[in-house]
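Written below as structure tokens is the structure these notes are about.
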Amino acid sequence: MSQPESAEDVVVGVDLSGAPKRPTGVCVLQGNRAKVSTVYEDEELLALVDAHAPVLVPMDAPLSLPPGRKTLEDRNGEHLRPCDRVLQKMGIRFFPITLGPMRMLTERGIRLKGILAEMGYEAVECYPGGAQDVWGISRKQHDMEGLLKGLRKLGLRGLRKTANDHELDAASGALAGRWFLEGRGEMLGDATGILMPVVE
């Protein structure tokens with residue numbers, strides 16, 4: 130994975146929904162300036178990414194399958210990926226990708242990752258809730274105001290009180306991506322695992 134040419138390079142964080150009819154949060158992060166928005170259709174998301182030419186697209190959606198599984202319909206394979214097992218060891222809660230509601234999200238995420246790759250953009254899996262745990266800030270389901278304050282304390286600028294939960298998770302993903310590019314992050318499990326910030 131290439132390193133950014135400068136701190137002004139753009140990272141686009143995406144809090145992907147399982148279906149286009151549900152809101153997807155997006156955060157365009159340039160330097161420490163975050164601009165968030167909500168989109169729905171694949172075409173909206175892809176056009177927004179293309180308009181900003183990011184060096185990295187951290188996406189809150191499973192972007193790989195467990196070892197041995199060719200598809201989600203394969204009932205005989207593993208339920209957990211190497212990165213999922215690392216999350217377990219870290220004590221970070223998550224939903225296995227073979228769980229009912231996660232299947233649609235996984236399929237959409239993997240498909241969009243492929244399209245973005247064809248467009249010349251690198252999408253990597255991130256987990257905003259896990260990143261928030263690592264940073265020691267609130268998750269959205271516990272304290273939205275606390276999450277906003279936490280992200281601001283970490284240096285993000287431009288976030289408003291009107292930002293919704295999807296947008297704040299997208300901002301968390303974008304910030305995790307920025308940290309990774311600055312050498313303050315890691316890929317859990319393997320190169321196709323989950324991007325996670327590292328706090329010294």
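The working numbering puts the sequence shown at residues 130 to 329. Heads up, the beta-carbon is just placed ideally off N, CA and C, and yes, glycines get one too.
Asked	Found
Identified DSSP bridge partners for R286	R162
Inter-residue spacing [alpha-carbon to alpha-carbon] between M130 and L194	Caution is warranted here: a pLDDT of 48 is assigned to M130, below 50, making its placement in the model unreliable, and the coordinate value is therefore given only provisionally. Approximately 20 angstroms between the Cα atoms of the pair.
Proximity of C212 and G279 at Cβ, strictly below 9 angstroms	no
Three-state secondary structure assigned by DSSP to L241	helix
Residue closest to D298, alpha-carbon to alpha-carbon, out of G259, K218, A148	G259
The region 245-258 contacting the region 176-186, beta-carbon criterion three pairs below 8 angstroms	yes
Residues that G154 bridges to, as DSSP identifies them	D144, T167
Beta-carbon proximity check, A300 vs L288, cutoff 9 angstroms	yes
Inside the region 202-273 only - beta strand (DSSP E) runs reaching at least 3 residues	252-255
Close Cβ partners of H295 (< 8 angstroms) along its chain, the five nearest in sequence each way excluded	D144, S146, P152, T153, G154, T167
Top-ranked residue by Cα proximity to G160, from T200, G284, G312	G284
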